[in-house]
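The listed protein sequences correspond, in order, to chains U and H.
All letters in the first sequence, in the order written, are residues 220 to 444 by the working numbering.
All letters in the second sequence, in the order written, are residues 9 to 635 by the working numbering.
Working notes, beginning with the structure itself.
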Amino acid sequence: MATMVTSTKTITKKTTGGGSKFPGPNGNGSKRNGNEYREPDRDANRYRIGMWVALASIAMMFTALSSAYIVRAGSSNDWQALSMPRLLILSTGLILVSSAAIETARRKLKATLSSEYSRWLLITAALGLAFLVSQFLAWRQLVRQGIYVSSNPHSSFFYLLTATHAVHLFGGLLALSFLWFRSRRPVHTKIETAKRQAGADAVTIYWHFMDALWIYLFLLLFLWR
Amino acid sequence: MSAVHEGVHRHPAPTGFIRKYIFSVDHKVIGIQYIILALAAVLVGMIMSLLMRLNLSWPGTSWKILETLFPTGAPGGVMTPEFYLSLVTMHGTIMVFFVLTTAPQGGFGNYFLPIQIGAEDMAFPVLNMMSFWVTFVGFIVILLAIVIEGNQTAGEWLSFLGPSFVGGSGTVGPIGGWTGYAPLSALGKVAGPGQGAGMNLWIISIAIFCVGSLLGALNFITTLLNMRTKGMSLMRMPLTCWAWFTTAVLALLSFPVLLGGGILLLLDRIAGTSFFIPGGLYVSGLLSGSNPNFPLHTGGSPILWQHLFWFFGHPEVYIAILPGMGATSHILATFARKPVFGYRAMVFAIFAIGLLGFFVWGHHMFISGMSPYSAVAFSILTLSIGVPSAVKTFNWLGTLWGARIRFTTAMLFALGFVSLFVAGGISGLILGQSSLDLAMHDTYIVTGHFHLVMGVASIFGMFAALYFWFPKMFGRYLGEGIGKFHFWVTFIGVYAIFMPMHVMGIAGMPRRYSQFTEYEFLKGLHPLVLFVSVAAIITISVQFLFYFNVIWSLFKGKKAGDNPWEATTLEWNTSSPPPHDNFAGILPTVYRGPYEFAVPGAPNDYMMQTDVGSEEISDNGHNGHKH
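What follows is the structure in C-alpha cells.
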C-alpha cells in the first residue's frame with residue numbers, strides 16, 4: 220500500500236506516534252478503525268506531553284528573568300549583594316526530600332499500591348508546604364533587617380525570583396491535592412488506570428522541575444552576585 | 009471496548025445554553041468565540057485609526073463626539089497631542105494582541121486544527137475554554153484602561169489600589185506605543201498624562217493575555233503531537249496545521265519572556281524597584297529623588313526592557329502572519345486545483361521563518377546605541393529570513409503556474425495575501441540593514457512596511473480563511489457578490505493607504521506625530537496625507553459591508569454542502585457544520601497527502617485524504633510533493 224503515496228513513504232518512517240506506516244485498506248474510517256486507534260496509553264500520554272510543553276514555557280520565563288538579572292547585575296554600580304538567609308538551606312533540604320517523596324508516590328502507583336500512593340502524595344504536599352513556610356520565614360528575616368523589594372537590585376530580584384518560584388510551587392501543591400482527591404476514588408477501566416498514572420507522572424515531572432529550578436535560582440542568587 | 013469507546017466521546021454534547029455557547033469546552037465554539045472577540049476588537053482598533061487619520065489630515069478641527077466622550081482629552085472637540093498618542097498606543101495594542109494573535113490562531117486554529125488532523129477535540133478542552141476566557145478578561149482590562157484614563161470620574165475607580173492606579177488624564181489609555189518603552193512607562197504619573205492607571209492596566213492586560221496565549225499554545229502543540237488520526241503522518245498534514253503548530257511553538261517560547269518583562273515593569277511602577285529606570289533621571293521638571301511623587305531610582309537599564317520586549321515582539325509578528333501563510337497555501341491549492349508546489353519545502357520554510365524569528369529582535373533596536381558589530385549580525389540574520397520567505401512565495405507562484413484558477417472570494421483574498429506579503433516584505437530588506445535603518449527608523453516607511461506585511465497581509469489571510477471556511481462553520485456560503493466587491497475595494501484601498509507612507513518615510517516624515525502642519529519641510533506632503541486619509545475612510549467604510557455580509561450570510565446565505573469547494577482535507581469529510589465530536593463518533597483514516605488535486609484517472613479531479621484509491625492511479629506518480 221505504501222507505494223501508493225510514493226513521496227510520503229520515506230517520511231512516514233520517521234514519524235512517531237502519528238499513524239501507521241501501512242494504513243489498513245478498509246476504507247473511509249470504519250467504526251473498527253476509529254475505535255482501535257484510541258489506545259488508552261496513547262490517550263493518556265497527552266498529560267506527559269502537555270507537561271513537558273508547559274515546562275518549556277516556564278523555563279523560558281525564568282530564562283528571561285535570569286538574563287535580566289545578569290544584565291542588571293553587570294550594568295550598574297548600585298548592586299549590593301544580600302547575605303544569604305540561613306533558612307534557605309533548610310528550604311533546599313525540604314524541597315530535595317519532597318522530590319524523593321513524590322518519586323516514591325509515583326512508583327507506589329505503578330506497583331498498584333493505591334493507599335501507599337495517596338499517603339506519599341500527602342507527605343510530598345506537606346514537605347512542599349513546609350518549603351513555602353520556610354521561604355516565607357526567610358522573607359520575614361530579611362524584612363526584619365530592613366531589606367525590602369525596593370532596597371536594592373539584588374533584593375528586588377531575590378523577592379521576585381523566590382515569589383515567582385513559590386507561585387509555581389503553590390500550583391504544584393494544588394495539583395497534588397487534586398491527585399490526592401482522585402486517588403481516593405477507585406479506578407475501573409484501563410483508560411482510567413492509564414490516565415491516573417499519566418497524571419501522577421506529569422505532576423512528578425513538574426515537581427522535579429520546580430526542585431531543580433529552586434536549586435538553579437539559589438545558585439544564581441548567591442553565586443552570581 | 010467500553011473503555012476505548014469512552015476515549016472517543018470524551019465529553020458529551022452539552023444541552024444548556026451556557027455550557028453550549030458561553031462556557032463551552034467544544035473547540036469549535038471556542039474558535040468562534042475567538043473570532044467574535046477579534047471582530048469586536050478590530051472594530052475598536054479601526055475606529056481609532058480613523059480618528060488618527062482625521063487628526064492628521066484636518067488638525068484643529070472640532071469633532072463634537074469627541075468633546076462629549078472625552079472632555080479632558082479633546083477640549084472643545086479638538087484632539088490634544090497626548091490624546092493622539094494614546095490612540096496610537098491602543099490601536100497598536102488592540103490590533104496586535106486582540107486581533108492578529110487571536111483570530112488566526114485562537115479562532116481558525118482552534119476550529120480547524122483538531123478537525124484537520126482527525127481528532128474529536130483539543131487535547132485539553134477545559135484549558136482551551138480557560139484560554140479563551142482569560143484572553144477575554146485581558147480584553148476587558150484593556151477597555152477599562154480607555155475608560156479609566158479617559159474619564160475623570162472613572163479615573164478614581166481604582167484609586168484604592170494605590171496612587172499609581174489613579175487615571176483620568178483624558179487620554180484613551182496609556183501613552184507609550186504598543187512597545188511601552190521604559191523609562192517613561194516605568195515611572196508612573198510623574199511621566200505625564202496616561203502614565204497612571206492606564207499604563208498599569210495596559211501591563212496587566214498584556215500579562216493576562218500572555219497567560220491565555222500560553223494555555224492555548226500548550227493545547228495546540230499537545231493536540232497535534234498526540235491526537236492525529238490513523239494514517240495522518242506529519243508530512244500528510246495540511247500546511248495550515250504546520251503553520252498553527254509553528255505559531256504555537258513561537259507563542260510558547262516568546263510570551264513567557266514578555267510576561268517576565270511585564271512583571272518587572274509593573275514592579276518598577278508599583279513597588280519602587282529600578283529594573284528599567286536609570287539614575288539621575290529628569291522628567292517633567294523633576295529630578296529623580298527630589299520629590300515624593302518621584303522617588304529615587306538608580307542603575308536601571310531602559311535598554312533591558314527593549315531587549316525583553318523585542319525578544320517577544322519579533323516572534324509575535326510571525327505569530328500574526330504564519331497562520332495566514334498556512335491558510336493561503338491551503339486555499340491556493342484548492343482553487344488552483346493543483347497540489348501545493350514543493351510541500352516539504354513549504355514545511356521547512358515555515359520552520360525556518362519561525363526559528364530565525366528568535367534571532368533577529370535586535371533589528372528593532374538599531375538606534376538604541378547597540379554595538380555596530382551586533383547590528384551587523386542582526387542585519388545578516390534579518391536579511392536571511394528573506395530566503396525562506398522567498399521559498400514560500402516562489403512555491404505559491406509555482407502552485408498557481410499554469411493552473412485553471414477558480415476565482416472565488418477566498419481565492420482572491422489568498423492572492424491578495426501573496427501580493428501584500430511580497431510588497432510589504434520588500435521594504436523589510438531595506439529596513440533590515442542597519443545602515444539604512446539608522447536614517448529611516450521611526451519614520452512612516454516603517455509604518456507602511458509593517459502594516460502591509462504583518463497587519464494587512466495577516467488580515468487578508470483571515471478574510472481568505474473566513475470566506476473559505478464559512479460554509480463549513482455555518483453551513484452557508486459567505487456572500488460571494490458582496491465578498492468580491494469587499495475584496496477589490498479593500499485590496500486597492502490598503503495599497504492606496506500604505507504605499508504613499510513609504511514615500512512619506514523616505515521624505516523624513518516621523519511616526520507618531522499628531523500633526524505635521526508645523527514643519528516647513530513636510531508641508532509639501534500634505535496632499536499625500538489627505539490622499540491616505542480619504543483612502544482609509546473608503547476602506548474602513550467597506551469593512552462595515554463585510555460585517556453586514558457576515559451577519560446576513562449567517563441567516564440568509566446560500567446553503568452549502570459538506571464539500572462545497574471540492575477540497576481534499578479532513579474538515580470536508582464531515583457535515584457542515586460538524587457535529588459535536590467532529591466525525592460523529594467515527595474517526596477518519598487517512599491514506600494520502602493533503603493536496604491531491606488534478607489526479608489523472610481519478611473519477612473527480614481530486615482525491616480526499618480518506619480516499620483509498622487504486623494502485624494504477626498512484627502509479628502515475630502524481631502527488632502533492634513532486635513535480
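Glycine included, every Cβ here is placed at the ideal spot set by N, Cα and C.
Apply the 10 Å Cβ neighbour rule to residue i and answer buried if 16 or more other Cβ atoms are within range, or exposed otherwise.
i                 : result
Pro171 of chain H : exposed
Gly390 of chain U : exposed
Trp369 of chain H : buried
Trp409 of chain H : exposed
Gln124 of chain H : buried
Asp260 of chain U : exposed
His407 of chain U : exposed
Gly270 of chain H : buried
Asn705 of chain H : Shown here, chain H extends from 9 to 635; a query on residue 705 of chain H therefore has no answer.
His384 of chain U : buried
Ser70 of chain H  : exposed
Val502 of chain H : buried
Gln354 of chain U : buried
Trp443 of chain U : exposed
Lys329 of chain U : exposed
Phe563 of chain H : exposed
Leu364 of chain H : buried
Arg305 of chain U : exposed
Tell me which residues share the same chain as residue i and place their Cβ nearer than 7 Å to its Cβ, disregarding the 5 neighbours each side in the sequence.
i                 : result
Pro602 of chain H : Arg244, Met245, Pro246, Thr576, Thr577, Gln617 and Gly632
Ala417 of chain U : Ala263, Asn264, Tyr266 and Arg267
Tyr304 of chain H : Reading the sequence as shown, one finds Leu at residue 304 of chain H and not Tyr. Contacts found: Ser296 and Gly297.
Leu444 of chain H : Ile438
Phe320 of chain H : Ser262, Phe263, Val265 and Leu266
Can you tell me where the alpha helix (DSSP H) holding residue i begins and where it ends?
i                 : result
His338 of chain H : Pro310 to Ala344
Tyr503 of chain H : Glu488 to Ile514
Ile438 of chain H : Thr417 to Leu439
Ala431 of chain U : Lys409 to Leu442
Thr282 of chain U : Pro259 to Gly293
Gly391 of chain U : Pro372 to Ser402
Thr110 of chain H : Taken as a continuous stretch (DSSP letters only), Thr110 of chain H belongs to no alpha helix (DSSP H), as it is neither H nor E.
Leu351 of chain U : Ser333 to Arg363
Trp404 of chain H : Gly394 to Leu408
Leu99 of chain H  : According to the sequence displayed, residue 99 of chain H carries His and not Leu. From DSSP, the alpha helix (DSSP H) with His99 of chain H extends over Pro89 to Thr101.
Residues in its own chain within less than 6 Å of residue i by CB, not counting five upstream and five downstream?
i                 : result
Trp66 of chain H  : none
Ala292 of chain U : Trp298
Phe376 of chain U : Tyr288
Tyr378 of chain U : Val368
Which residues in chain H have a C-beta closer than 8 Å to the C-beta of residue i? List them in chain order.
i                 : result
Pro304 of chain U : Near Pro304 of chain U there are no residues of chain H at all, since even the closest Cβ is about 19 Å away, more than 8 Å.
Ala275 of chain U : Leu260 and Leu261
Leu380 of chain U : What Leu380 of chain U touches in chain H: nothing, since even the nearest Cβ is about 10 Å away.
Please compile the residues from chain U whose C-beta is within a distance smaller than 9 Å of the C-beta of residue i.
i                 : result
Asn234 of chain H : Gly236, Arg261, Asp262, Asn264, Arg265, Ile268 and Gly269
Going along chain U in order, which residues have a C-beta closer than 7 Å to the C-beta of residue i?
i                 : result
Ser282 of chain H : Pro372
Ile229 of chain H : Val272
Leu222 of chain H : Ser276
So with CB distances below 7 Å, who are the chain H contacts of residue i?
i                 : result
Met429 of chain U : Those do not exist, as Met429 of chain U stays about 16 Å from chain H at its closest Cβ, beyond 7 Å.
Leu284 of chain U : Gly268
Ser369 of chain U : Ala279, Gly280 and Thr281
Tell me which same chain residues have a C-beta within less than 8 Å of the C-beta of residue i, skipping the five on either side of it?
i                 : result
Leu208 of chain U : For chain U, the structure presents residues 220 to 444; residue 208 of chain U sits outside this window and is missing.
Gly268 of chain H : Leu316
Quick one: list the residues of chain U neighbouring residue i, beta-carbon separation under 8 Å, in chain order.
i                 : result
Phe132 of chain H : Arg265 and Gly269
Gly307 of chain H : Arg291, Ser294, Ser295, Asn296, Asp297, Trp298 and Pro372
Leu226 of chain H : Gly269, Val272, Ala273 and Ser276
Leu275 of chain H : Val368, Ser375 and Leu379
Using a C-beta to C-beta distance shorter than 9 Å, which residues of chain H count as neighbours of residue i?
i                 : result
Ser402 of chain U : Those do not exist, as Ser402 of chain U stays about 19 Å from chain H at its closest Cβ, beyond 9 Å.
Ala345 of chain U : None at all; the shortest Cβ gap to chain H is about 28 Å.
Check whether the Cβ of residue i lies closer than 8 Å to any heavy atom of the ligand GDP, and answer yes or no.
i                 : result
Leu275 of chain H : Among the ligands in the structure shown, none appear at all, so the ligand GDP cannot be discussed.
Can you find a C-beta in chain B that's less than 9 Å from the C-beta of residue i?
i                 : result
Thr423 of chain U : Among the chains of the structure shown, chain B does not appear; the protein chains present are U and H.
Please confirm if the segment 141-158 of chain H is in contact with the segment 200-218 of chain H, defined as three or more CB-CB distances below 8 Å between the two stretches. Segments in contact, yes.
Item checked: contact_flag[the segment 400-409 of chain H, the segment 334-342 of chain H] where n(CB pairs < 8 Å) is 3 or more -> Yes: the two stretches touch, three or more of their Cβ pairs being nearer than 8 Å.
Taking three-plus beta-carbon pairs below 8 Å as touching, is the segment 316-334 of chain H in contact with the segment 451-468 of chain H? Short answer: they touch.
Exercise for the section: Examine the Cβ distances between the segment 551-558 of chain H and the segment 215-234 of chain H and report whether three or more of them are shorter than 8 Å. Expected result: No: the two stretches stay apart, fewer than three of their Cβ pairs being nearer than 8 Å.
Worksheet item: How do the segment 499-513 of chain H and the segment 525-545 of chain H stand: do at least 3 beta-carbon pairs fall below 8 Å, yes or no?
Response: Counting Cβ pairs under 8 Å, three or more are found: they touch.
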